[in-house]
Each structure stands twice: as structure tokens, then as C-alpha cells.
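Protein chains in written order, with the numbering used here: chain A, 63 to 844; chain B, 78 to 239.
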């Protein structure tokens, strides 16, 4: 490991611009003639649109234009789509209702866009939006998914009777039922996974620019995957052919899943730019973000876990209802199915699993992937069930887990996944040691002496990252392949550009990807630039989500570097009249092994471009590209332990310590990996303790639409974290990377809730564990 | 409309704006200083923090007209002669930022916090004083570490100067 190579804690290259106010986020973009958009949104959760009258609005000062859904339809702009086909267990395809970028007949959630106002300033656009008269006929509302499935409830889409999108299953129902019938003990529990708002600190924004001369569109947007945005906007929404549409996602201020999807606003702003003849910029405010950014989670599950007389799990049965909101967002169908139920084996050897999942329309914002996406739902369900079972069986939670750990790899689960490597005892041991598990009883007694209730809880999670083998996900219904691309350009002076289809919005790719190059060629990372986020620069890419940029994006870079290295060695061998198999690259020089002959890296690069003295038949230049399609998912895993103190007088929970012991495979930059874990932990703790999206069930109004109402984790809600890793390299990619972006959010909620229920002696507690709920549970009989 | 004059990052600037224009929009739109961000609209997140006459304020809840005649420092005015301010340097050294969107407000809040507390900051105080700044990426762990490191460095520097 060099000081800037693989494994080094290199300070980030991107930090200087972000620390000095020189970051360039979408809302910072400005072009000549640019005007500002405000969307007119439905104040009702469900209503027919009788009419839209923009006469008064169009006469307001500064107004350039007011456009509605009928005009959008007339111009042939298509419906928003869900890109992953799921079939119900009866073989029928999922029931996808129409999602218009601007509703012209029916609105289905508060915030549904019905018109766009373009004006000289944001303030004038807001004033004019107030003057757009929309005549609504209110319809009855349903916000709860279980209720929406009942007879006689409001119907959202004619395509989906009883609001049922699909009724899907995985696993072996007969074998699972048989295991439960023969069990020595069955633990039954109902698990609610609360609805969350992702809340990246940068609100969504877009700038649509139509150039009539070239009939060309440019879209600046807050996206985690600009190439997918271009593909979908071109292929499905008829905005423009791909060669006439450039999508740029510049600095993006966090995503956490919510910026994967293509939303109505970027489509409408591009279209409005052509319609009005001016560049159109829209920036969400925070209330719009709460209303319209895709939410996460919202599952209700009934669970039965069967044990034999030796406390081995012999069967797991799960029945889940997942709320997908008013429309099917881009990957919404994949989250409660292949990203969730395929992880229900956890770290455990379970011979029979059956999961049934029904997804449902309701009059709420669309629900899609949020940090973890399905895997937090599986982990919370499993790890609360394991803790409950341990208490029922009178076994220590660690012992029950150890009895059931998978210890032989590869391991085929009954729910598709084939785990390639792991050591679950190692992370459990590391976490228990770091948390001083054995000293807990004394700490609990000391706390009791002060009238406080102390509890400890653990969670052993597994997740599937590095999504994903294209053919495999294609066979499961994905509309895209999930490979990644990279291109390595060595300039004539030896500096290097790496173009990647991954997108960095906080993950530090500009540093870690450069570390790969530094490690390979011994060149300083300052001589390496990472280029991403622009469809005109990078040919194609699938973007960043699902902790895939290391395992998939970097693997593509490695493949391209292999090709560059091979050609560079040929050139150097020719220059030094040596055999190419004798060339080694060290410290920025190409050397003939065992001799003092060297060619500096820049001199080799210059030779590639002057082409005065290249091997016979070799093309000039030094630029190589690669596409990498993973062979399998990767399987990060770990053990998290949380210790809390609950004040029985107030129900307030204080986190005493939070320990994370992870297995991420090989690590490029430990500093950045630790930062990813910290952030994930904060989001998981936020879910468990503070955050909840709440709709009024009577009228579908969002009651948590600002930071005054939605409890974001703040610095004094959280402790400093104790994080460590004990790594087993992933055997399926060239760097041995598993991925680290989501683990914290996946593993932490059950550890925290298990700690609180341990403290209060009552297992009946739902997230978020607010003081009111904890107090009530602490004072109720279990 | 109002004509407003103020000093921003040591330079006198003037501009026309609506009476209702917020200071953050004056800074971003009129002056083109886009390092100051808007994250929430309700004075909760602190991405918009600047210094007005040496004290941190939320520029999303200050009218531009209220800032007339004042001395404003934004994130762009913190580094001197191309050298990062010690707080900026500490954020870089300790990985105190990820996506960078909350960072300008965090740094401006931290500078003011260290000025008020000198070398006497501890973790509990830093966490309590960050009440008005929200970060979604870092879990605050490395932000707290950065501020404590900067406070130690700046406190140390002051002692050395004396």
C-alpha cells in the first residue's frame, strides 16, 4: 500500500471546492435568459380535476407561461413508468396505473403536480401559481395499505382492482408450513416498518434548456444516475432521442435513493423550455421535498419463525403488505420483492422459507428505494424476531444466533441468494468485545441504582450489494442491465482521466477511484481526475445506488486499467528493447525487472502519442474502456450492538453506546468507509427513534412536511460511534470489495429497538420509539 | 424595490432587490456567491449560515434589507490567500463532510462556535450547539471531531501567539 494507494486514509480531493463554497450544485447553475418554474400542486389527496383556469395567472407580472397536463399529453409526453416487472403468483403482470407528469384528470396524493408556471423570478412564479384556479371534485381517501385492500375502499387506479398491484411469493409454502407444524417452538410477531422521507440536504432541482437551433435538450438534474435518466426520458417519456438529450448531474447533495428516480419535474421543465422558448429552472423547497420525493419503507408483516428442540430455525413464514403510494415509482416493485424477501435468510441456515408480499396503492407519495431498500425491512423483521425468540426460549441472543449461523460457503439460501463469503462469528465476537457485553450486567445494576432502565440489544445483518448480474436481474424482471462502464484516458503528458458511469454524491469517488490508479501505476492522485455525471462525457453508466460503486464501478475501472497497463508495458518494452513480460510498473516508472533500465510514466505516455517509435502495428494513443458485469451479488454482513438507558419517568431513551462491526471485504479508503457507516447509523437510529412520515388518515394531508414536524436526527440525538471491520474478501470481483454504503442504515434499527425493549421489559414497541411510546410500553404489561 | 449596500467578504457591494428578498437570495442571485445554500425554508437546517458583523446568522430568515450596512462573511470569504481556514482544514483532515451541501453552514457555525468558546469546547457542547445545523450524510461523528480538532488547533495557536 502506497500513501495514496489501496487501503490508505487519503483526504478527499473533492473537499477543497466543497469547503470553500465552490461546489456546483444544480441550483447554482445559471444560463443566459434562464427563467424560474413553480409547480401548481394538488392540495387534495384524491380528486377529479374539473377544470384548470390560468387566465388570471398568465396576466400576472413577470409570467412567461402557464402549462398544464392536457398540453403535455397533446405533445406526446409519455407516462412515468416502473422499470421492474413483477408477476403475481397467479402469473398475472403487476397492475401499473397511469402516472402522468402533470395530472389532467385525477390527482392521487397531496403534491401531485397539475401545472407549471414559468416567470422571471421565483417570487413572481409563486404569486402566479397562487392565481391558477383548479376546480377539484374531492374523492374519498385511503392512506393505509392494509385498509386499502379491504372491500369498499376508495379505488386509485382502474387497472388495479382493490388497489392491489401484485400478490407475489417466494420460497416453498408447503415445506415451510410443514416445518411450522412440526416445530418445538414458534415465535410469532407483527412487524411494522415505518414510513420515512430520505431527506438529502440538497433539495431536488432541475434546469431544462432547449436549443431550437440544434433541436437539442440539456437537463441539469439532481440525479444519482444521469445516464439512466437520459435513457428513460428518451425511451419512455418521448422527451427527445438520446442523441438530442444531454443529462448532467453535477455536484449532488446527497441522494440515499431518492435521486435515483426520474420525477415529473425534470421532464416537464425540458418540455416547458421548448414550449416557452426559455431555459427553465425549478428548485424544490423542503415542503415539496417531503410531499414529492419518493418515501421509503412502510411495510406491515406477520412473521412465524419455527425452531426445533435444539433451538435451530427450521422454518420462516412471512406475510407482508407494502404501501407503494399513489403511483409506481421507477424501482418500487423491486424493493419489497427481490431486494427484501431474498434476504430473509439473514445470517442463518434456514431450510424452509416462504414469503408472501402484496403491494398496494394508497393516496400517499410514491414509495421506492431508500438507503438499504428492502434489506433494512428484512433485517428489522428477522432481528427483532430473533431477539424475541431468544427471550421466549430463554437463550442468550448471541447464543441463539450462533446456533443458527451459516459457516460454510458458498451457501445457497431457499430464497435465491448464494452467499459467497463471510465470517459471522468474527463480527459478532468483535462487536461483543467492543461493547464490553460481559460487563453489561454490572452497568445495568448501576443504572438501576439511579432509577434508570438500561438495556442492550444486538442485530446481525446481511445485505446484498454490488447490484447486479445483468442476466440474473433480467430474468427476475429488471428492465435494465446492472453492469458498469469505465474509460481510462492517459494524456500525452502522463496525467490520467478516469471516466465512470458511477455517480458521486457524497461517497468520495473522486478520491477512491483515483487511489486505484495511484496504486496501479504509482502516480500521484493529483495527476488523476475522475469524470462522472455527464452523458456527453461518459458514454454510458448505470449510476450509484445499492452500494454498487465499489464492487461494480471500480471493477470496471480495474478492467480498463488492465488494458492500459498491458499496452503501456508493450510500449515500454519496445522503448527499452526488453521483453514485455519483464516490465514492472513502480513509483511512476516502467522498469525492466532486475536491471537499472527505466522509462518514466510520462515518457511512455508521450511515446504513445508522438507515435514515432511504437511496436509495429500498434495504434497510437493510450485510452481504454471496459464494461464490467458482476458475476454475483456481494454480501456485506456484520453485527451491531446498542446500549441504551431509558428514563422510566419520561420515556426518553439515551443511547449510551453504539458499536458497529462490519465485514465489507477489501477496503480502498478506511476513512471514507467509516464515514459511510456513521451516516448509515444516523439514518437507522433516526428511523428507530425519531423519524416518521405521518399522513392524516381521514384526508390524506401530510402532517410531517417540514423540519418543524419531521424529526431529523441532530447532533445531540446521537453518540459518537465505535466502528470496526473484520473483512473476508469478496471472491467474485477483482478488488474483493463488498460495499459499505447502506450497512449502517440496515443493521441499526433492530439493535436499538432490541435494546429499548430489553430495558423496559416489554417487546411491544413500534418505530419510531418516541418517549411517549416508550413510556407507555414501559408502564404496560408485556 | 430597495437599493441595498453592504460589505461582503471585504468588498462593498450594492444591488436592487424586492423588499421581500431574503439575504440568502441576495447573496446567491445578486452576488453570484452560490456557496451559501438553502436546505429547508424553516430556519432549521443551517445550510444558509453566514456571519453578519462577526456573528453567525441564518441568511434564509434575514431580509436582505436588514443586512444593509452590515459586514457579511460567506463561506467564500473564509479562506485567505488560497489557504484553507483552520476549520475548513480540520473538516478536510477529519472527513467532516460528504456531499458538501450542509458544509458551508456547518463551517460558518463552527467558526462562530470556536470564537465564542475559545479552546474550551467539549463534545457535549459542540453537539448541543449544532442544534441548528442538520447533516444527513455524516451522522455528525466526524463533524464533531473536526470542530474539536479545529478548536484545539486554534486555541493552541492563540496560546502560542501570546
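Each residue gets a CB set at the ideal place from its N, CA and C atoms; glycine is no exception.
Please confirm if residue 829 of chain A has its CB atom under 9 Å from at least one CB of chain B.
no
Using beta carbons (cut-off 9 Å, strictly below), is residue 745 of chain A in contact with chain B?
yes
Neighbour list for residue 817 of chain A in chain B, Cβ cutoff strictly below 8 Å
The contacting residues do not exist; residue 817 of chain A stays about 18 Å from chain B at best.
For a cutoff of 9 Å on Cβ pairs, would you count residue 239 of chain B as touching chain A?
Any reading at residue 239 of chain B must be qualified, since the residue scores a pLDDT of 47, below 50, and its modelled position is unreliable; the value itself is stated next. No, because no Cβ of chain A sits closer than 9 Å to the Cβ of residue 239 of chain B.
As an exercise, report each continuous beta strand (DSSP E) stretch of at least 3 residues that is fully enclosed by the stretch 607 to 676 of chain A, in chain order.
645 to 648, 651 to 654, 660 to 662
contact_flag[the stretch 389 to 408 of chain A, the stretch 182 to 199 of chain A] where n(CB pairs < 8 Å) is 3 or more:
no
Apart from the five residues on each side of it in sequence, which residues of its chain come closer than 7 Å, Cβ to Cβ, to residue 366 of chain A?
242, 248, 250, 379
Excluding the 5 residues flanking residue 609 of chain A on each side, which residues of the same chain have their C-beta closer than 6 Å to its C-beta?
527, 801, 803, 804
As a quick exercise: from A:406, A:337, A:762, pick the residue whose alpha carbon is nearest that of residue 130 of chain A.
A:337
Let me know if residue 765 of chain A comes out buried or exposed under the rule of 16 or more other beta-carbons within 10 Å of its beta-carbon.
exposed
Could you give the distance in angstroms between the alpha-carbon of residue 432 of chain A and the alpha-carbon of residue 396 of chain A?
12 Å
Roughly how many angstroms separate the alpha carbons of residue 239 of chain B and residue 198 of chain B, rounded to a whole number?
Because residue 239 of chain B sits at a pLDDT of 47, beneath the cut-off of 50, its placement in the model cannot be relied upon, and the point is left open.
With a CB to CB cut of under 6 Å and the five nearest residues on each side skipped, what residues in its chain are close to residue 200 of chain A?
106, 109
Which same chain residues end up closer than 7 Å to residue 232 of chain B when comparing Cβ atoms and leaving out the 5 residues on each side of it in sequence?
195, 196
Excluding the five sequence neighbours on either side, which residues of its own chain have a C-beta within less than 8 Å of the C-beta of residue 357 of chain A, listed in chain order?
257, 258, 259, 260, 387, 426, 427, 428, 429, 430, 432, 755
On the DSSP bridge list, what partners appear for residue 83 of chain B?
B:90
Rounded C-beta distance between residue 569 of chain A and residue 70 of chain A? I'm assuming under 8 Å.
Actually they are not in contact, since the Cβ atoms of residue 569 of chain A and residue 70 of chain A sit about 17 Å apart, beyond 8 Å.
Could you tell me whether the Cβ of residue 97 of chain B comes closer than 9 Å to any Cβ of chain A?
yes
With a cut-off of 9 Å, does the C-beta of residue 97 of chain A fall near any C-beta of chain B?
no
Does any CB atom of chain A fall closer than 9 Å to the CB of residue 168 of chain B?
yes
Helix, strand or coil: how does DSSP classify residue 111 of chain A here?
strand
Residue 417 of chain A: first and last residue of the uninterrupted beta strand (DSSP E) it sits in
415 to 423
When you compare only the Cα positions, how much space is there between residue 125 of chain A and residue 75 of chain A?
43 Å
Name, going along the chain, the residues of the stretch 775 to 792 of chain A whose beta-carbon falls closer than 9 Å to a beta-carbon of chain B.
775, 776, 777, 778, 779, 780, 781, 782, 783, 785
So what does residue 829 of chain A bridge to, in DSSP terms?
According to DSSP, which records beta bridges pairwise, residue 829 of chain A is partnered with nothing at all.
Hey, does residue 353 of chain A have any beta-carbon neighbour from chain B nearer than 9 Å?
no
Run down chain A in chain order and give the residues with a C-beta less than 7 Å from the C-beta of residue 100 of chain B.
What residue 100 of chain B touches in chain A: nothing, since even the nearest Cβ is about 15 Å away.
Count the other CB atoms, across all protein chains shown, that sit within 10 Å of the CB of residue 674 of chain A; report buried if there are 16 or more and exposed otherwise.
exposed
Whose Cβ in chain D lies nearer than 7 Å to the Cβ of residue 140 of chain B?
In the structure shown, chain D does not exist; the protein chains are A and B.
Given that residue 854 of chain A touches chain B, what residues does it touch there, using C-beta distances under 9 Å?
Missing from the structure shown is residue 854 of chain A; chain A here goes from 63 to 844 and no further.
Could you tell me which residues DSSP puts in a beta bridge with residue 385 of chain A?
A:422
Per-residue DSSP class, three states only, for residue 162 of chain A:
coil
Please classify residue 719 of chain A: does DSSP put it in a helix, a strand, or coil?
strand
Where does residue 193 of chain B sit, in a helix, a strand or coil, going by DSSP?
helix
Would you mind reading off the limits of the alpha helix (DSSP H) that contains residue 709 of chain A?
Taken as a continuous stretch (DSSP letters only), residue 709 of chain A belongs to no alpha helix (DSSP H), as it is neither H nor E.
Note down, in chain order, each residue of its chain lying with its Cβ closer than 8 Å to the Cβ of residue 140 of chain A, except the 5 sequence neighbours on either side.
298, 299, 300
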